[in-house]
Every structure is written in structure tokens, then in C-alpha cells.
Amino acid sequence: SLLLESKINPNTAYQKQQDTLIVWSEAENYDLALSFQEKAGCDEIWEKICQVQGKDPSVEVTQDPIDESEEERFEEMPETSSLIDLPDCELGKLEEIADLVTSVLSSPIRREKLALALENEGYIKKLLQLFQTCENLDNTEGLHHLYEIIRGILFLNKATLFEVMFSDECIMDVVGCLEYDPALAQPKRHREFLTKTAKFKEVIPITDSELRQKIHQTYRVQYIQDVILPTPSVFEDNFLSTLTSFIFFNKVEIVSMLQEDEKFLSEVFAQLTDEATDDDKRRELVNFFKEFCAFSQTLQPQNRDAFFKTLANLGILPALEIVMGMDDLQVRAAATDIFSYLVEFSPSMVREFVMQEAQQSDDDILLINVVIEQMICDTDPELGGAVQLMGLLRTLIDPENMLATANKTEKSEFLNFFYNHCMQVLTAPLLANTSEDEPDKDNYQTAQLLALILELLTFCVEHHTYHIKNYIMNKDLLRRVLILMNSKHTFLALCALRFMRRIIGLKDEFYNRYIIKGNLFEPVINALLDNAKESEDKENLLKRTSVGGFKFTFSHSGSSANGANTANSKSVAAQTPAAGSNGSSSKNISLTTTVASAKGTFLQFLCVKGGILICHYWFTTPAFWNILCL
């Protein structure tokens, strides 16, 4: 779908940055940026822009940032008149200053002039001195004017002014000015929150003073943007784009500085995996890594690659293996989020680790088996964590993102590993619950878990070949799955039926013979009869889906039997309890099957009427397959 449509203007200044970024401005202070995954994509778009503007693609800026006619007018003015004359910075002039700042916001050139004047005269520090005076004198009117002034200066959207306002010397006074919103009956207490309530936690002491200052600054500026400043209107939305960029680049710098401090990260990993570390400390360490990984999403692709490779080299995956098996729910949740960042970044890196790990560890402590165990043991009634983990497992076993080259056959190696070491852990709850003819446990949470497992197994049927086929036949897995057709939870019965449909849809001769030999349509028909008896004349979801399943079977098996003789058609009648008879009496359905030719055969359910179940074995072209309404 279309995300952005922008006409290339011959007079617009486009700029290419860092090989993968193109930035420009439209209308009045409407800043845009295109970020590319690869350098080649950026170069292609850049060449088209330069072609339209008649520029050499080797340049990094296609035009001067300011419109040529405006720049000429700006330069033609005497140097002294090009700046806005600022009133003297004193208490009696605050209202005039507030009016001036508010009046320039609608004009880009006047905003530039005012920003330059404020910077040249060191005006912001003078204003903040007046703020301290007004607070000491309880000058409410002056404080209200200072709120308007500081808010307006923020909307000038100038990075050079932000450097002054957000310095250690000035930032708390800036926050103080923004407490006195004239629209509020009482001023807010933002400084009290930042200095007394918000606590800076160092999981490991930070010795770099510059890094410490950058973290404090970023937290406070983010607080100003998210909490203090009112939600901008449609017309003000772009006035704070530079503030957003300021925070963005601060986060990039923090991640880079932490990444380069190997001593700090090594100490974090050491304490995270140390058995002597207490639970509170470990929780703080895991939450640190979670936030650290979240910050990394702001990095350019090449920098993000280096970041995750650094974590991998330091041992993030073995550390996660330990913390994901802990009892603390918060620690496990944070560890799962970190694991999701790693899987999203590089499924191959995770797969390579677990295959190497299998050579020297028991199956019980393998990382993927730990993940499966956490999915199975999720205590959330809605299984929110289990759903997230199931999605990560599906990514890891998806052949679409596995490498297959002459020197490296990741797909074959990993799937062999998974089916030898992990599949039995995944299917254990399903096999344990289907040891009898009825599900052993049929509560809602168990049904939800089994539905998730079936969803993953259905994915395996669709995307894996002989690995899942061998597993299904060796474990007689389809028969066990069809026992879940007897569940009182319709969604689970439908998951079981969907699993069978996916198998039939493959048109695989081995699967066909397996289904016929095991008479595996019988549990489906039995479930349909039970369901129909319970609902009587009322059409319901399971019944409609089952009939749809048989129609699906017709179309798929009919094609495999193309060319057979219609003389092979047979009819079988199986007596069921008559209407009005004791519903608890057992059904006596004897479904016999024969195989006519190597093409295979399929049992086809047509309908139930008058207590007689009509079935057909039909070996002919698809034109003869149909549902009869008797």
C-alpha cells in the first residue's frame, strides 16, 4: 500500500546522509526523510532525484536549503537589520517578549531570524535568570509569560537552541518554566518528579561521566516531549521535529557508547549469569538489556548489525537460556522480549547457536526446548506469552528464511536437529492428553495450548516435507490429533480438522494410504454425528466445516484418481441410532476401505438422513464427485 507520495520539486533541497538516508523539507517546515535498508536502494532513488533537478548524483545536497529568492532578500539586508531586535531581557518586558515569540511562529524566515538573535545574544540564559527571580517573588504573571516564551522557543525547532536549553545548567529551569501553564489553576510539579520520584538505577556503575550525562539528558528531554508539552495540534505537529531528532540521535549515541564499553557489558553479562546474583539485581539487569535492545532499533541497519553481533559475541544467548527458565514472571517476560529482538534480527544466528549447543548439552536445557517449555507452562489464562513464543518458534522453523548454498545447508541441518531434539517436547502435551479415546483434560486453558501446538504442527505440514511426514506416521500423530475432535471446545475441534485438511491437500500418496489404512475418517464422522445429534436441526460451525472438509477431500482426491473406472464405485451403509432412540446408545459404524490402484482412494461422506449414513468410495474423474441431498 502507498505510504507516501511526494512530487520531486526542482527547487527543493534534497540531501543524502550516511549512504542510506534522504532528507528534505516541504511546505513550511514540513520535514521528511526516507531511510533505506540497503545502500543500492538509496542510490537508485537519489539518481532519479538528481536527474529531475539536473544535478550530478555525486553531490550530497541538490540545492541550498533556503529558497533562492528568500536567501537573496535575506542577504541584501544589512547585517544588523537581518536579525530581529530583541527587547531588553527584564521583568517589565516579559509580555512584549512573549508576544514577539508567538508572532514569528507562522513565518519560517522570521523564526530563523529570531533563533539567530536568541543564540547570538545568549538570551535564553538571561530568560532563565528572570525565571528564578519571578519564582522568588511569586510573580505569577511573569511566570505565565515565561511559559509562553519557553514553549515558543521550543517551537522554533532549532537544534542549536536545544543544546543550550537542555544543558545541565539550564534544563531544570526550562522544566520549571513549563510548569506554569496559564491554563492550569495550579502549577505542575515536574521538577519534583524528576529530582525525587524518578530514580536513576545503575545496574553496573557507569564510570564514563559523558555517558551518564547523556542518559540523564535524554530521559529529561523525553519527559518534556511526552509529558510536559501539550499534544501538538495539526498545525504545530512539525514544529517539534528537531526535538524528536534530538532524542533520536541521543539514543543512538548512548547505544554506541555502551557498545564500545566492553568492560561494562562484560560485567553485566557476568552478573546476569552468576548464580549468586539475587533476584532483584537480576531483574534490573534483564530490564536493562530489554531497554538496550529497544534503543538499538533506532540504529541504521549496518550499526544495528554490529550491535547484535557484539551481544552475540559476549554471550547473550547462553544468558537468555538461564534467565528464561527462572521462576520470576517479570524476568521471563523481559527475556522473551530480548529473544524476540534477536530472532527478528537474525534467525540464522539463533539456529546456529542451538545446533552447536546440542553437541554438548542435554535436550532438556537446549535453548529452543526452554522456549517450548515456557510456551507450554504459560500461566496467563489467555496465554499471551505462549502466543508470542509460538510466533518466534514459527520464525525459527520457517524454511523461507533458511540458507541453502553449496557450502551450507542450514535448512536440512536445522530441521534434522529440530525433529531429533525438540519435536517430542513440542508434542508432549498433545500426546499426553490423547492417550485415551477422549481428551484427558478439556479445560479452556489446555484447549488453547493444544490449539497453539496444532497451529505450529499445521505450519510444519505445509512447509516441511519428509521430516514431519515421518514424525506423523511414526507417532500415529493424526489419529491422536483427531481425538481432539471430541473436545467440547469447538475451536480446538476445528484446529484438529484443519490439520487433517492440510495433510489431504498435499495429495501425498503416503499420507493417503496412511489415512485409509488407519480408517482416519471415522473419528471425523463420529464427531459430526455427535455434533448433529446435539444440535438437531440447528446448523452449526463444526457441521458446516466438516461437510466443507469432505467437499475439499472430493476435489483433492478426485484428481488423484483421474482415469479410473466408474465400475469401481461402491456404496456402504452404516446404521446409526434412529431418531428418538436412546441417544446414549453407541454407534456401530463399520467403515471398510479398499484401495483401487496405486492412485489411492478416499472415504467420502455425503449426508445423514433417516438414521442411515450414506458413504461412497468413488474412483473416477472430479466431474462425478458431488454432494447428494437425500
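Per this note's numbering, residue 388 is the first one in the sequence shown, and the count goes up by one each step.
We put the CB at the ideal spot given by N, CA and C, even for glycine.
On a predicted model such as this, the values are computed, not experimentally measured, just so you know.
Cβ of residue i within 9 Å of any chain D Cβ
i, result
"Ile755", "The chain labelled as chain D is not found in the depicted structure, where only one protein chain is given."
Secondary structure of residue i, DSSP reduced to three states
i, result
"Val410", "strand"
"Thr354", "In the structure as shown, the chain starts at 388 and stops at 1017, and residue 354 therefore has no counterpart that could be examined."
"Ser422", "strand"
"Gln811", "helix"
"Lys513", "helix"
"Lys650", "helix"
"Val446", "coil"
"Gln689", "helix"
"Lys403", "strand"
"Tyr567", "coil"
"Lys545", "coil"
"Gln747", "coil"
"Thr664", "coil"
"Asn637", "helix"
"Leu978", "Because Leu978 carries a pLDDT of 36, less than 50, the predicted location of this residue cannot be relied on, and the following value inherits that uncertainty. Note: Leu978 maps to coil in three-state DSSP."
"Thr821", "coil"
"Met713", "coil"
Residue burial classification, residue i (beta-carbon count within 10 angstroms, cutoff 16)
i, result
"Asn398", "exposed"
"Phe549", "buried"
"Ser683", "buried"
"Gly529", "buried"
"Ile752", "exposed"
"Asp555", "exposed"
"Ser942", "Confidence at Ser942 is low in this model, with a pLDDT of 49, below 50, so its placement is unreliable and the value that follows should be read with caution. Classification of Ser942: exposed, given that the 10 Å Cβ count is below 16."
"Pro826", "buried"
"Ala721", "buried"
"Phe580", "exposed"
"Lys904", "exposed"
"Arg576", "exposed"
"Leu907", "buried"
"Pro768", "exposed"
Close beta carbons around residue i, own chain, < 7 Å, minus the five adjacent residues each side
i, result
"Leu836", "Ile763, Leu770, Ala773, Pro816"
"Arg719", "Met711, Met713, Gln761"
"Leu879", "Ala834, Leu837, Ala838, Leu871"
"Ile433", "Here residue 433 is Trp; the residue named in the question, Ile, does not match the sequence. Closer than 7 Å at the Cβ level, and outside the excluded window around Trp433, lie Lys403, Ile409, Pro444."
"Lys677", "Ala721, Asp724, Ile725"
"Lys875", "Asp829"
"Ala706", "Phe656, Leu659, Thr660"
"His854", "Leu802, Tyr806"
"Asp568", "Tyr534"
"Tyr858", "Tyr806, Met810, Leu864"
"Cys476", "Tyr510, Lys513, Leu514, Leu517"
Residue j beta carbon less than 9 Å from that of residue i
i, j, result
"Leu841", "Leu818", "no"
"Ile395", "Gln440", "yes"
"Ala546", "Ser632", "yes"
"Arg538", "Leu616", "yes"
"Ile784", "Cys847", "yes"
"Leu701", "Ser653", "yes"
"Gln687", "Ser422", "yes"
"Thr821", "Arg867", "yes"
"Arg691", "Phe656", "no"
"Leu729", "Cys809", "no"
"Gly563", "Glu535", "no"
"Ile611", "Val561", "yes"
"Asn788", "Thr782", "yes"
"Leu754", "Glu708", "yes"
"Phe651", "Thr605", "no"
Other residues of its chain near residue i: CB distance less than 8 Å, five sequence neighbours each side excluded
i, result
"Glu508", "Leu473"
"Asn526", "Leu478, Thr520"
"Lys862", "Thr814, Leu818"
"Gln775", "Thr723, Ser727"
"Glu671", "Lys588, Val590"
"Cys557", "Ile511, Lys512, Leu515, Val551"
"Glu447", "Gln402, Lys403, Gln404"
Neighbourhood of residue i by C-beta, 6 Å cutoff - its chain only, sequence neighbours within 5 removed
i, result
"Leu481", "Gly529, His532"
"Gln501", "Looking at the sequence provided, one finds Leu at residue 501 rather than Gln. Same-chain partners within the cutoff: Ile471, Val491."
"Thr981", "Note that Thr981 scores a pLDDT of 33, beneath 50, so its modelled location is shaky and nothing firm can be said."
"Leu916", "none"
"Ile1019", "Any property of residue 1019 remains undetermined from this structure, which presents the chain solely from 388 to 1017."
Query - Those runs of the alpha helix (DSSP H) which lie wholly inside the region 756-808 and span at least 4 residues - result: 771-783, 797-808
Report task. Report the residue ranges of all alpha helix (DSSP H) runs contained in full by the region 573-626; include only those spanning at least 4 residues, in chain order. Result -> 596-610
**Report entry** alpha helix (DSSP H) runs contained entirely in the region 869-918, provided each spans 4 or more residues
**Finding:** 877-892, 896-904
Report task. Output the residue ranges of the alpha helix (DSSP H) runs that lie fully inside the region 826-860 and measure 4 residues or longer, sorted by chain position. Result -> 831-850
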